[in-house]
Amino acid sequence: MRSRDQKMRDVQKSHDTRKIAINKVGVKDISYPIVVMDKYRSLQHTVARVNMFVDLPHHFKGTHMSRFIEILNRYREKIALDNMEIILKGMKEKLEADNAHLEIEFPYFIEKKAPVSGAESLMEYTCEFIASLSTEFDFILGIKIPVTSLCPCSKELSRYGAHNQRSIITLKVRYLEFVWIEDLVELIEECGSSPVYSLLKREDEKFVTEQAYENPRFVEDIVREATLKLSGMDNITWFSVEVENFESIHKHSAYAAIERDKRGALSAGTVDNHVQNPPTC
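Just so you know, we're using our numbering here: the sequence shown kicks off at 21 and counts up by one.
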């Protein structure tokens with residue numbers, strides 16, 4: 021039996037002879053409370069699923085998985101956007117890594133009013149913080165936004181109505197200065213045939229179905245409309261937009277995607293400022 025005073029060997033730090041570095045190693049799917057900036061209520065507390073990774077040099081056998089959790093616990097109730105870079109620095113130092121990566125996915129709730137009755141309800145949006153740190157800090161904000169899409173082809177062909185479906189627009193952006201989730205949601209919802217609501221009265225249902233009928237959209241239309249809006253925003257330096265229609269009369273889904281890097285069009289000074297002063301809450 022090992023004596024309590026006997027030092028235990030650090031197996032993870034022992035030498036590995038295969039000479040193969042690992043790009044990402046760490047822990048996934050940790051359930052953890054975080055705090056998110058809320059445009060109308062200051063802060064919103066929610067529960068996220070967290071992934072934490074670092075790179076592993078070829079000469080180390082493994083990483084210390086418990087240290088990821090230790091770092092997370094160090095920022096208990098302070099897991100927020102303005103702490104992303106600090107947490108990543110802690111991961112690099114604690115795990116002796118050159119690169120650190122953090123993914124935080126969480127439900128975010130926005131109060132929405134029905135378009136005619138004004139009935140209020142909470143609408144859930146799945147959001148994501150994707151942050152990494154090597155020599156520079158990089159941050160991406162992701163949001164999944166449901167909308168209604170009505171098929172232009174079906175409207176043209178049918179004598180009675182047209183088929184429509186719920187669509188998911190997956191938006192990811194890099195930006196220069198802080199941007200509100202609420203503002204991006206409102207911007208992207210305008211790209212579909214009609215927004216989606218969690219509560220509708222009869223007069224609201226009439227309104228949104230007629231709105232969709234008068235505003236038909238293919239997935240191609242939606243992704244192009246989103247690109248036009250995002251391209252006109254100087255604060256957005258890079259974006260990715262994916263649209264998936266869960267077709268109501270087809271077995272398959274319809275899909276379209278566009279990615280644009282606008283940083284090449286910005287001045288070098290603007291880009292340097294973005295790197296030196298990453299977005300904070």
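Just so you know, even glycine gets a beta-carbon here, dropped at the ideal spot from N, CA and C.
Return the CA-CA distance between residue i and residue j, expressed in angstroms with no decimal places.
i, j, result
"Ala274", "Arg222", "29 Å"
"Asp58", "Ile130", "9 Å"
"Asp305", "Asn93", "With the chain covering 21 to 301 only, the question about residue 305 has no answer from this structure."
"Ala246", "Lys282", "15 Å"
"Ile124", "Ile89", "14 Å"
"Ile160", "Leu170", "30 Å"
"Ile42", "Phe73", "11 Å"
"Leu63", "Met253", "25 Å"
"Gly84", "Leu122", "Note that residue 84 is His in the sequence shown here, rather than Gly. Each residue's Cα considered, the two are about 16 Å apart."
"Ile40", "Lys81", "10 Å"
"Ile106", "Phe126", "20 Å"
"Cys173", "Ala100", "45 Å"
"Val167", "Leu108", "34 Å"
"Lys48", "Glu264", "26 Å"
"Ser218", "Asp224", "11 Å"
"Lys192", "Ile54", "20 Å"
"Val67", "Arg96", "12 Å"
"Lys175", "Ala182", "5 Å"
"Lys44", "Asn71", "11 Å"
"Phe198", "Tyr145", "19 Å"
"Asn235", "Leu115", "53 Å"
"His294", "Val261", "Confidence is the limiting factor: at His294 the pLDDT is only 36, short of 50, which leaves the residue's position unreliable and the question unanswerable from this model."
"Pro77", "Glu148", "28 Å"
"Trp200", "Lys98", "19 Å"
Please tell me whether residue i has its Cβ less than 8 Å away from any Cβ of chain D.
i, result
"Ile165", "Protein chain content of the structure displayed is limited to a single chain, and chain D is not contained in it."
Taking all protein chains shown into account, decide if residue i is buried (16 or more other Cβ within 10 angstroms of its Cβ) or exposed.
i, result
"Ala120", "buried"
"Tyr195", "buried"
"Ala134", "buried"
"Ala277", "exposed"
"Arg61", "exposed"
"Gly46", "buried"
"Ile269", "exposed"
"Tyr128", "buried"
"Gly284", "exposed"
"Phe259", "buried"
"Ser178", "exposed"
"Pro215", "buried"
"Leu248", "exposed"
"Val239", "buried"
"Lys132", "buried"
"Arg38", "exposed"
"Val56", "buried"
Give me the Cβ distance between residue i and residue j, rounded to the nearest whole Å; I'm assuming they're in contact under 8 Å.
i, j, result
"Ile91", "Met104", "No, Ile91 and Met104 are not in contact; Cβ-Cβ is about 12 Å, not under 8 Å."
"Asp158", "Ala117", "15 Å between Cβ atoms; not a contact."
"Leu204", "Ile163", "6 Å"
"Ile20", "Gly212", "Residue 20 is absent from the model: the chain starts at 21 and stops at 301."
"Ser51", "Arg69", "6 Å"
"Glu209", "Ile165", "6 Å"
"Phe227", "Val136", "5 Å"
Kindly identify the DSSP beta-bridge partner or partners of residue i.
i, result
"Cys147", "Phe126 and Ile163"
"Pro53", "Val67"
"Asp58", "Ser62"
"Ser251", "Answer is none; Ser251 lacks a bridge partner."
"Thr190", "Lys164 and Glu262"
"Arg280", "Phe259"
"Ala274", "Asn265"
"Tyr180", "Paired residue(s): none; Tyr180 is not in a bridge."
Handout entry: contact_flag[the stretch 150-161, the stretch 134-142] where n(CB pairs < 8 Å) is 3 or more
Key = Flag = no, the stretch 150-161 and the stretch 134-142 do not touch.
Practice task
Specify whether the stretch 224-236 and the stretch 185-193 touch according to this definition: at least 3 beta carbon pairs, one from each stretch, less than 8 Å apart.
Solution key: Verdict: no, contact absent.
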